[in-house]
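Data block below; observations after.
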Amino acid sequence: KAGVTQTPRYLIKTRGQQVTLSCSPISGHRSVSWYQQTPGQGLQFLFEYFSETQRNKGNFPGRFSGRQFSNSRSEMNVSTLELGDSALYLCASSAGTGTPLVYGYTFGSGTRLTVV
Amino acid sequence: SQQGEEDPQALSIQEGENATMNCSYKTSINNLQWYRQNSGRGLVHLILIRSNEREKHSGRLRVTLDTSKKSSSLLITASRAADTASYFCATAVSSGNTPLVFGKGTRLSVIA
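Going line by line, the protein sequences match chains A and P.
For the first sequence, position 53 (counting from the first letter as 1) is numbered 53 according to our numbering, and the numbering increases by one without interruption.
Our numbering runs 1000 ahead of the 1-based position in the second sequence.
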């Protein structure tokens, strides 16, 4: 079956602009999580959505937001981009429905965002 | 903040040798997972070990878990050049609505 699909693969934006990233999870997976990966901070949790509801949120400013649609596809948005937002943004889906997390994640290939 | 911390940060070995990576964590867990990431790509789930398990095998991978020491190790036997990647441990805590928390990873280089 198809894996997790993230689009676009690469993105270059200018400071102050906004960006929207998309993630299509594995069919049947209702949990979608987003992570930001940078060389200095590693993988930082952004948010998790389950059945269109944000179930968890990481410690990021309000410029970072997301949503999930009824077909489980998810988008994340970053407004007023800063140079420090340059990172690999990873989306992961899981078959799990509750907590704790008893299933592994399936990750997409990520979106490489560069802010200039 | 990182729940898991991998050690060493980087490891370089010859093809055919075994590679061992360690992970320490801080709180009670439901399970611990290991992932691999090839340069600039997404992470691939390797293995999940539950808190009531002590050892688990998958092909050339062997994972151990010591909950009393809050530590885990990943052993890759007979390493190949294709095993060159970064390896991350991730913990799922025992209770509460908490996301999977990743360590900063071990960068493994297998030299042919």
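Cβ atoms here follow ideal geometry from the backbone N, Cα and C, with glycine treated the same way.
Check	Outcome
Does the CB of Glu48/A have a neighbour CB from chain P at under 8 Å?	yes
Taking the straight line between their C-alpha atoms, what separation do you get for Arg90/A and Ala1112/P?	First, the residue type needs correcting, since residue 90/A is Leu and not Arg in the sequence shown. So the two alpha carbons sit approximately 30 Å from each other.
So Ser74/A and Gly84/A are supposed to be a Cβ contact under 8 Å. How far apart are they, rounded?	In fact, because the Cβ distance is near 23 Å, the residues do not count as touching under 8 Å.
Taking only beta-carbon positions, decide if Lys981/P is within less than 8 Å of chain A.	Absent from the structure is residue 981/P, since the part of chain P shown begins at 1001 and ends at 1112.
For Pro112/A and Ala87/A, I'd like the C-alpha separation in whole angstroms.	It should be noted that the sequence gives Arg, not Pro, for residue 112/A. About 6 Å.
What are the uninterrupted segments assigned as beta strand (DSSP E) that are 3 or more residues long and contained completely in the region 4 to 51 of chain A, given in chain order?	5 to 7, 10 to 13, 19 to 24, 31 to 38 and 42 to 50
Within this structure, are the beta carbons of Gly108/A and Gly1042/P separated by less than 8 Å?	yes
Assign Gly66/A to one of three DSSP states: helix, strand, or coil.	strand
Excluding sequence positions up to five away, which residues of its chain have a Cβ less than 7 Å from the Cβ of Leu81/A?	Lys13, Arg15, Gly16, Gln17, Gln18, Val19 and Val115
Can a CB atom of chain A be found closer than 8 Å to the CB of Pro1008/P?	no
Could you pull out every residue in the same chain whose Cβ sits closer than 7 Å to the Cβ of Val78/A, ignoring the five residues on either side in sequence?	Gln18, Val19, Arg63, Phe64 and Asp85
Beta strand (DSSP E) containing Ala1092/P: first to last residue?	Ala1085 to Val1093
How close, in whole Å, do the beta carbons of Ile1029/P and Thr1091/P come, if the pair is a contact with beta carbons under 8 Å?	5 Å
Kindly give me the distance between the Cβ atoms of Tyr35/A and Leu43/A, rounded to whole angstroms, as I take these residues to be in contact under 8 Å.	5 Å
Beta strand (DSSP E) containing Tyr1035/P: first to last residue?	Ile1029 to Gln1037
Would you kindly check if the distance between the Cβ of Arg30/A and the Cβ of Thr106/A is under 8 Å?	no
Please compile the residues from chain A whose C-beta is within a distance smaller than 7 Å of the C-beta of Leu1048/P.	Gly104
Identify whether Leu81/A lies in helix, strand or coil by the three-state DSSP scheme.	coil
Against chain A, with Cβ distances strictly below 8 Å, would Gln1014/P count as a contact?	no
Using 10 angstroms around the beta-carbon of Ala2/A, count the other beta-carbons present and answer buried if the total reaches 16, otherwise exposed.	exposed
Should His1045/P be flagged as near chain B, meaning a C-beta pair shorter than 8 Å?	Of the protein chains in the structure, A and P, none is chain B.
Against Arg1041/P, what residues of chain A qualify as contacts under a CB-to-CB distance less than 8 Å, listed in chain order?	Ser109 and Gly110
Can you find a C-beta in chain P that's less than 8 Å from the C-beta of Ser27/A?	no
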